[in-house]
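Numbered per our numbering, the sequence shown finishes at 321, counting up by one with no gaps. Glycine is no exception: its CB is placed at the ideal position from the N, C-alpha and C atoms. Just so we're clear, the structure is a prediction, and the values are computed from it rather than from any experiment. Just below is one structure, and these are the notes that go with it.
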Amino acid sequence: MIPFELARPRSLKEAIALLDPEDPDIRPVGGGTAVMLMMKAGVLRPTRLVSLRDVEPEYAQVRPGANGELVIGGLTRLATLEHSPLVKEGWPLLARTLRTLSNVRVRNVATIGGNLGHADPHMDMPPVLSALGARVTISGPNGERTVPVEQLCTGYYETVLARDELISRVTVPPQAGRPAAYMKVTTRAAHDWPALGIAVVLDMQGAAIGRASVIVGAATDRPTRLTEAETLLRGASPDDAILRDAGEAGAAQLDIVGDAHGSASYKKQLLKVYLGRAVRTALDAASARGAQLKGHAE
C-alpha cells in the first residue's frame, strides 16, 4: 500500500479546508467502508484521507426538525438510524429498509452522508429517500446549499458534490402515515446487492391513489423516477390491471442497464412484476400498521 496522510480534523469547517477541489486523491472518510474496498482493489490510491470521526457530534445526531421533518446528521451511522425510536415511529419505510441494508457490521460504521455521496447505483437509501422527498444539505467553503436526494446522483459513482464539499445533513419530510414500501430483488441473501430496487410512497384519497412517488434503483446508473407509472397510478384504484399497466409503463420508460446482477431484459421483467408488488406491499404494510396502532389505542 502506498503511504498516505491521515488527517483528523475536529470541525466540519476544518475538514472542508483539508479537501482540495482539484485533487481526486484527497478523499473524506466517514465510516470508510467504500473507501477501504476501493483501496484494496487498487482503484483508489489516496495521498490524503480526511477522517470525519472527530468533527462536531451534532453531525452524527438524529432529531425532529421543523414541520414534523426528520433531520439526520451526515455522519449518523446507519445502525443509529435503524434503531432510532424516532425513525421507527415516524418513518417506518426507513426502519424496514435499514434492516436489510448491507449487513450489521457495515451498518455499525457506515454513515448516511457517505452512503449517499458514494453514489453506487445499487444502494438502497438513494431510491428510498428520493421517494420520500428527502433533501441533502451540502456544506463547502462557500457555505451551504440544498439539493433533493433525487438530484444528487448524476451517474455511476458521480454526484453534484464538488471535491471540497460534504453532505452535512439529510432532511426527510414526514411520512405521515403514507403507505410506502421498498422491494429489492437479489440473487442471494436479502442484504446482497440488488438486481433491482424499487421504492414506492403513496398519498391515498380514500381507496384510490391520489399521488404516487415511484423510484427505481440498481437497474439504471442513478435513482430514476418512473413518471409514466406515476401518471397511470394517479387517481386509480390499485387493482391488478392498473398495477400491471404501471409495471409495463415503467419498464418501457427506462433504458435499463445490465450488469453482473442481471441482464437488461431480466431487470426489465423484474420491474414489470415488482412495481405492482411494491404498491401492494405498501398498502398491506399501512393496513397492518393502522390495525396495530388501533390495538394499542384500545
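1. With three or more C-beta pairs closer than 8 Å as the rule, is the region 286–300 touching the region 101–119?
2. How about the region 246–256 and the region 178–195: do they share at least three Cβ pairs that are nearer than 8 Å?
3. So what does DSSP say about Asp268, is it helix, strand or coil?
4. Could you give the DSSP three-state label for Pro108: helix, strand or coil?
5. Is it buried or exposed, Asn126, if we count other Cβ atoms within 10 angstroms and call 16 or more buried?
6. Thinking C-beta only, is Leu93 closer than 9 Å to Thr194?
7. Is the distance from the Cβ of Gln198 to the Cβ of Val224 below 9 Å?
8. Could you tell me which of Ala274, Ile265 and Pro261 sits nearest to Ala305, measuring between CA atoms?
9. Note down the Cα distance separating Gly220 from Asp244, rounded to an integer number of angstroms.
10. Per DSSP, which residues does Ser74 bridge with? Please list them.
11. Can you give me the C-alpha to C-alpha distance between Pro80 and Ala287, rounded to a whole angstrom?
12. Taking just the CA atoms, how far does Thr56 sit from Ala40?
13. Over the uninterrupted alpha helix (DSSP H) stretch that includes Arg168, give me the two end residues.
14. Check this for me: beta carbons of Arg71 and Met62, under 9 Å apart or not?
15. With the cut-off set at 9 Å, would you say Ala309 and Gly156 are in Cβ contact?
16. For Gly97, which of Gly91, Asn90 and Tyr82 has the nearest alpha-carbon?
17. Using the C-alpha atoms, what's the distance from Lys36 back to His145?
Taking the coordinates as given:
1. No: the two stretches stay apart, fewer than three of their Cβ pairs being nearer than 8 Å.
2. no
3. Walking along the sequence shown from the start, residue 268 turns up at place 245. If DSSP states are grouped into helix, strand and coil, Asp268 belongs with the helices.
4. Taking the sequence shown and counting its residues from 1, the one referred to as residue 108 is at position 85. In this structure, Pro108 counts as helix in the three-state DSSP scheme.
5. Here residue 126 refers to the residue found at position 103 of the sequence shown. Flag for Asn126 reads exposed.
6. Locating residue 194 in the sequence shown gives position 171, counting from the first residue. Locating residue 93 in the sequence shown gives position 70, counting from the first residue. Yes, the Cβ-Cβ distance between Thr194 and Leu93 is below 9 Å.
7. As a working mapping, residue 198 is identified with position 175 in the sequence shown. As a working mapping, residue 224 is identified with position 201 in the sequence shown. Going by C-beta atoms, Gln198 is nearer than 9 Å to Val224.
8. For the purposes of this step, residue 305 is taken as the residue at position 282 of the sequence shown. For the residues Ala274, Ile265 and Pro261, the minimum Cα distance to Ala305 belongs to Pro261.
9. Taking the sequence shown and counting its residues from 1, one reaches residue 220 at position 197. Taking the sequence shown and counting its residues from 1, one reaches residue 244 at position 221. Straight-line Cα distance between these residues: approximately 12 Å.
10. The residue you call residue 74 lines up with position 51 of the sequence shown. Ser74 is bridged to Val52.
11. Taking the sequence shown and counting its residues from 1, one reaches residue 80 at position 57. Taking the sequence shown and counting its residues from 1, one reaches residue 287 at position 264. Distance between the alpha carbons of Pro80 and Ala287: 43 Å.
12. Taking the sequence shown and counting its residues from 1, one reaches residue 40 at position 17. Taking the sequence shown and counting its residues from 1, one reaches residue 56 at position 33. Taking the straight line joining both Cα atoms gives about 23 Å.
13. Numbered from 1 along the sequence shown, position 145 holds the residue referred to as residue 168. Taken as a continuous stretch (DSSP letters only), Arg168 belongs to no alpha helix (DSSP H), being part of the beta strand (DSSP E) at Gly166 to Pro171.
14. By 1-based counting over the sequence shown, the position of residue 71 is 48. By 1-based counting over the sequence shown, the position of residue 62 is 39. By the CB criterion at 9 Å, Arg71 and Met62 fall outside the cutoff.
15. Start at 1 with the first residue of the sequence shown, and residue 309 comes out as number 286. Start at 1 with the first residue of the sequence shown, and residue 156 comes out as number 133. No, these two residues do not count as a Cβ contact at 9 Å.
16. Walking along the sequence shown from the start, residue 97 turns up at place 74. Closest by alpha carbon: Tyr82.
17. By 1-based counting over the sequence shown, the position of residue 145 is 122. By 1-based counting over the sequence shown, the position of residue 36 is 13. Those two C-alpha atoms are separated by around 31 Å.
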